[in-house]
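Following: one structure in structure tokens, then a few remarks.
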Amino acid sequence: WQQRVPPSFAAIAAIAMLFRKGCVRQTGRRLASSFSLGARKRSWSMGVRENEFDRPWFGTAEELQQSKLLTPGAKLTAMPYAYYKQPGMPLDACDVSYSIESARKFSFFESHEDWWEYINECERAGKQQLFNEVLESSSPRCLYFDLDGPPCYKGNHSFIVELLQKFVRSFFLGDKLGWQEFDPQPVVLQSHQKEKYSCHVMFPQIQFDDYRHQKNYMSWILRSLGKVVVDVEGGQERLLRRLVDRAPYRSFQLLRGPFACKLKNKEVVRSSKFEPEEYFDNDVLTCFAGYVQKAYALPIPSMEEILESNQELLEMDRDEEDVPSKDNPALFDDQFQQRHHSDFLDLAGLTELEQYEVLLQYLGDGRADDWCSWWHICGITCSMLRSFNHCDEAKKRIWDAHCRWSSRSFKFDEIENWQRITEADQAPHLPTLRSLKKLVEHDHPLMKVRDKLWPFHMSK
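Just so you know, the sequence shown maps onto residues 1153 to 1612 in this note's numbering.
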């Protein structure tokens, strides 16, 4: 039969037959079945090139630095690429299972000016690029925020940016220091994706010497976001805490640059391009978070001076210490509570895996959209996968249950979830099933949860 039809048609027919037999599995199911601590898997590239965008690329930043190509003042950049990953050589056709994975490669520009000139060349040529800024621990940087939310927030974009600007001014005691009325001035990069609201907001006038300097302030800034309450129809909302992503503040941080797009499932998402709205002082380079000009800097107080002038921060910190849990207090916010459940949840007699599946279903509305909750649940899922590493069927059930829960969020990305779980696997301690039970008890204060069998005593 195959000799009578073109080879390409025969190949398509063969693949269709594999799908009908269920031999080609979903990405997430294959990922879960291949979960093994410390396992190394052979992979080959689908789109990685060592020379692309007129510059050399390296697999890691360390390889780039060891190449001795970097010149003084050079700016590191990173770019995602997609590749196929193979867990092992198949014994027969039905064992073939590929997944599209993503990774980062690294290169550099001579300066921010050189970088901007190359971006302009790409824009004139209609060529999409995916350049990320690389902020190393020693890199100076300005204050920046990454905002993500449902598309319904797009209509309030100007109000959100203005609210963030006022929050930053208040936090850094701008009135007390005599800042001008319109300072600090934001520089905004916004994408135009239909399915989400997304933008980066930079404040070039608020500058940090390095990661350590930034870290002294960011933990308090992120904690203070909950103080900003906005009146909305039907009640109040902590708008900034809901929209500001707490993740992009690591010692080695990648941050999507101006006019850069996202890569998703090997496709460039053109609508995700970050387009600058305006620049500070007409300086186009101020849309880089790592671009620091001392002439633009505003005087900022030390964190000790801020705490001394704002006792509410200290009071808020004491309140958080009173929470009877070692977990992040943000996990136990009232916004997740649902008081319409007053029934009884009986987990007694269920296995740990069955309890995990049931408890995920009872997590409060909005947790899948909340970064802290998502981060925490990924850790619990990783802990469960560790516990059942010996059983492929159990790992598949764990991964499926996690994806069902996480897919409640408009931000859901299966690959991103797996990457987070893989990162969590490097941690020496992870949250456990008991932590998940605490979250459910918090989210349903009127519901009783029983996880132990009733004691039963027989007379002698």
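Each residue gets a CB set at the ideal place from its N, CA and C atoms; glycine is no exception.
State yes or no: is the C-beta of residue i within less than 8 Å of the C-beta of residue j?
| i | j | result |
| --- | --- | --- |
| S1289 | F1210 | no |
| D1577 | K1589 | no |
| V1286 | F1324 | no |
| P1302 | F1562 | yes |
| G1666 | S1291 | This structure gives no information on residue 1666, because the portion of the chain shown stretches from 1153 to 1612. |
| I1550 | T1533 | yes |
| K1220 | F1260 | no |
| L1585 | E1509 | no |
| R1519 | F1488 | yes |
| A1230 | N1272 | no |
| L1515 | V1592 | yes |
| W1557 | L1483 | no |
| P1583 | S1535 | yes |
| R1256 | L1406 | yes |
| Y1305 | L1395 | yes |
| M1624 | Y1401 | Residue numbering for the chain in the displayed model covers 1153 to 1612; residue 1624 lies beyond these limits and cannot be assessed. |
| R1293 | V1421 | no |
| V1313 | L1295 | no |
| Y1448 | P1338 | no |
| P1453 | L1374 | no |
| M1346 | S1423 | Per the sequence shown, the amino acid found at residue 1346 is Lys instead of Met. Yes; because the gap between Cβ atoms is below 8 Å, this pair is in contact. |
| Q1490 | H1594 | no |
| W1331 | L1450 | yes |
| F1297 | L1316 | yes |
Take the Cβ of residue i as the centre, count every other Cβ of all protein chains shown within 10 Å, and call the residue buried at 16 or more, exposed below.
| i | result |
| --- | --- |
| Q1359 | buried |
| Q1276 | This sequence places Arg at residue 1276; Gln is not what is there. When all chains shown are included, R1276 counts as exposed. |
| P1224 | exposed |
| H1616 | Given that the chain is displayed from residue 1153 to residue 1612, the structure contains no residue 1616 and the question cannot be resolved. |
| L1598 | exposed |
| G1531 | buried |
| F1496 | exposed |
| C1555 | buried |
| K1548 | buried |
| F1432 | buried |
| F1334 | exposed |
| V1381 | exposed |
| F1311 | exposed |
| P1336 | buried |
| G1326 | buried |
| H1344 | exposed |
| R1398 | buried |
| S1376 | buried |
| R1364 | exposed |
| N1569 | buried |
| P1232 | buried |
| Q1366 | buried |
| W1213 | Note that residue 1213 is Ala in the sequence shown, not Trp. So A1213 counts as buried. |
| K1446 | exposed |
| A1579 | exposed |
| D1498 | exposed |
| D1383 | exposed |
| K1414 | buried |
Can you list, in chain order, the residues of its chain with a C-beta nearer than 7 Å to that of residue i? Leave out the 5 residues immediately preceding and following it.
| i | result |
| --- | --- |
| E1202 | P1208, W1209 |
| L1341 | C1351, H1352, P1410, F1426, E1427, P1428, C1439 |
| D1485 | none |
| C1274 | Q1281 |
Looking only at its own chain, which residues have a Cβ that is under 8 Å from the Cβ of residue i, when we skip the five neighbours before and after it?
| i | result |
| --- | --- |
| A1412 | Q1281, L1282, F1283, N1284, K1425, F1426 |
| E1265 | L1437 |
| M1455 | N1368, Y1369, W1372 |
| E1430 | V1339, V1340 |
| S1559 | A1520 |
| H1309 | Q1342, Y1349, C1351 |
| W1267 | K1227, T1229, F1261, F1283, G1409, F1440 |
Is it the case that the CB of residue i approaches a heavy atom of the ligand ATP more closely than 7 Å?
| i | result |
| --- | --- |
| F1484 | What this structure holds is no ligand at all, so the ligand ATP is not there to describe. |
Can you confirm whether residue i, when its beta carbon is compared against all beta carbons of chain C, has any partner nearer than 8 Å?
| i | result |
| --- | --- |
| D1577 | Here there is only one protein chain, and chain C is not present. |
Might you give, ordered along the chain, the residues of its own chain that have their beta carbon closer than 6 Å to the beta carbon of residue i, omitting 5 neighbours on each side?
| i | result |
| --- | --- |
| W1153 | Only weak support is given to the placement of W1153: the predicted model assigns it a pLDDT of 33, under 50, and the value that follows is read from those uncertain coordinates. Within the same chain, W1153 has no close Cβ partners at all. |
| F1205 | none |
| D1362 | S1290 |
| R1572 | C1530 |
| L1216 | F1210, F1258 |
| G1378 | R1390, R1393 |
| G1307 | none |
| M1354 | C1294, Y1296, V1339, A1441 |
Quiz item: What runs of the alpha helix (DSSP H), each 4 residues or longer, lie entirely inside the stretch 1257-1296?
Solution: 1264-1277
Exercise. Just list the beta strand (DSSP E) runs in the stretch 1363-1396, keeping only unbroken ones of 3 residues or longer that don't cross its boundaries, in chain order.
Key: As far as the stretch 1363-1396 is concerned, its whole beta strand (DSSP E) runs of at least 3 residues are 1382-1384, 1387-1389.
Exercise. Tell me the start and end of each unbroken alpha helix (DSSP H) in the stretch 1490-1545 that is at least 4 residues and wholly inside, in chain order.
Key: With a minimum length of 4 residues, the unbroken runs of alpha helix (DSSP H) contained wholly in the stretch 1490-1545 fall at 1504-1513, 1523-1539.
Self-check item: 3-residue-minimum beta strand (DSSP E) runs that sit fully inside the stretch 1290-1350, ordered along the chain
Solution: 1293-1301, 1339-1342
Self-check item: 4 or more residues per run - each alpha helix (DSSP H) lying fully within the stretch 1545-1582
Solution: 1566-1576
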